[in-house]
Amino acid sequence: MDVADNRSTSVLTMLNERQLSTMPQPVDVMTLLVEIPPGGKGLPPHKHSGPIFGYMIEGEMLFELEGEPERVIRAGEAFFEPGGDVIHYQDGNNLPDATSRFVVVMHCVPGQPMLSYVDDDELERRRDRRAPRP
Numbered sequence: 001m002d003v004a005d006n007r008s009t010s011v012l013t014m015l016n017e018r019q020l021s022t023m024p025q026p027v028d029v030m031t032l033l034v035e036i037p038p039g040g041k042g043l044p045p046h047k048h049s050g051p052i053f054g055y056m057i058e059g060e061m062l063f064e065l066e067g068e069p070e071r072v073i074r075a076g077e078a079f080f081e082p083g084g085d086v087i088h089y090q091d092g093n094n095l096p097d098a099t100s101r102f103v104v105v106m107h108c109v110p111g112q113p114m115l116s117y118v119d120d121d122e123l124e125r126r127r128d129r130r131a132p133r134p
């Protein structure tokens with residue numbers, strides 16, 4: 001959705017819109033710039049305490065959430081993670097020869113880590129929730 005009127009030359013472009021059924025209360029909100037070197041694997045499987053909105057600035061990211069097939073997010077595309085109990089399996093740089101950069105706005109439960117790693121036992125218990133691998 002593009003939004004403009006005759007009072008401004010600015011154009012607002014909707015990149016991602018979600019209706020959130022849950023939001024931590026109270027909530028800490030942080031904005032991070034993430035840079036992954038060429039071919040970088042990104043973070044190991046992890047979870048976030050609240051929802052995340054992201055925007056790919058440059059490069060490509062191999063992105064996989066629990067229950068969804070892996071996909072490539074390219075520069076100019078937005079992405080969303082619901083947070084909570086959903087495992088984020090992959091966020092590596094999909095390019096072997098260029099840095100990938102993206103911005104995330106994270107909504108987190110105060111006093112809890114914004115990110116927690118998932119151990120091998122939990123990955124094994126939940127393997128049936130992971131989408132089939134290509």
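1 is the number of the first residue of the sequence shown in the UniProt record's numbering; add one for each residue after it. From the three backbone atoms N, C-alpha and C, an ideal C-beta is built for every residue, glycine too.
Taking the Cβ atom as the reference point for each residue, do ASP85 and GLY42 lie within a distance shorter than 7 Å? Not in contact: ASP85 and GLY42 (Cβ atoms no closer than 7 Å).
Pairing CB atoms from the region 10 to 21 with CB atoms from the region 68 to 86, are three or more of them under 8 Å? Put simply, the region 10 to 21 touches the region 68 to 86. At least three CB pairs are less than 8 Å apart.
With ARG101 and ILE57 assumed to form a contact (beta carbons below 8 Å), what rounded beta-carbon distance in angstroms separates them? Confirmed, Cβ separation roughly 4 Å.
Taking the alpha carbon of THR99 as the point to measure from, which residue in MET106, GLY54, VAL109, LEU33 has its own alpha carbon closest? Closest option to THR99, judged by alpha-carbon separation, among MET106, GLY54, VAL109, LEU33: LEU33.
Between PRO45, SER21, PRO51, which lies nearest to VAL104 when the distance is taken from Cα to Cα? Among PRO45, SER21, PRO51, the Cα nearest to that of VAL104 is on PRO51.
Rounded to the nearest angstrom, how far is the Cβ of GLU66 from that of PRO134, given a contact under 8 Å? About 16 Å; that fails the 8 Å criterion.
Any chance you could list the alpha helix (DSSP H) runs of at least 4 consecutive residues sitting entirely within the UniProt domain "Cupin type-2" (33 to 89), in chain order? Taking only runs of at least 4 residues, no alpha helix (DSSP H) segment lies wholly in the UniProt domain "Cupin type-2" (33 to 89).
For the alpha helix (DSSP H) containing ARG125, name the first residue and the last one. Under the DSSP assignment, ARG125 falls in the alpha helix (DSSP H) whose first and last residues are 120 to 125.
Can you tell me which of the three DSSP states ARG101 falls into? Three-state DSSP puts ARG101 in a strand.
Would you call the CB atoms of GLU68 and ALA131 closer than 7 Å? Cβ distance < 7 Å, so GLU68 and ALA131 count as in contact.
Let's test the definition: count the other Cβ atoms within 10 Å of the Cβ of MET30 and tell me whether it reaches 16, buried, or not, exposed. With fewer than 16 Cβ atoms within 10 Å of its Cβ, MET30 is classed as exposed.
Quick check: what's the CA-CA separation for ASP119 versus LEU12? LEU12 has its alpha-carbon roughly 41 Å from the corresponding atom of ASP119.
Looking only at C-alpha atoms, which of HIS48, ASN94, ALA75 sits nearest to LEU62? Closest option to LEU62, Cα to Cα, is ASN94.
Could you check the C-alpha separation between ASP121 and SER8 for me, to the nearest Å? Taking the straight line joining both Cα atoms gives about 55 Å.
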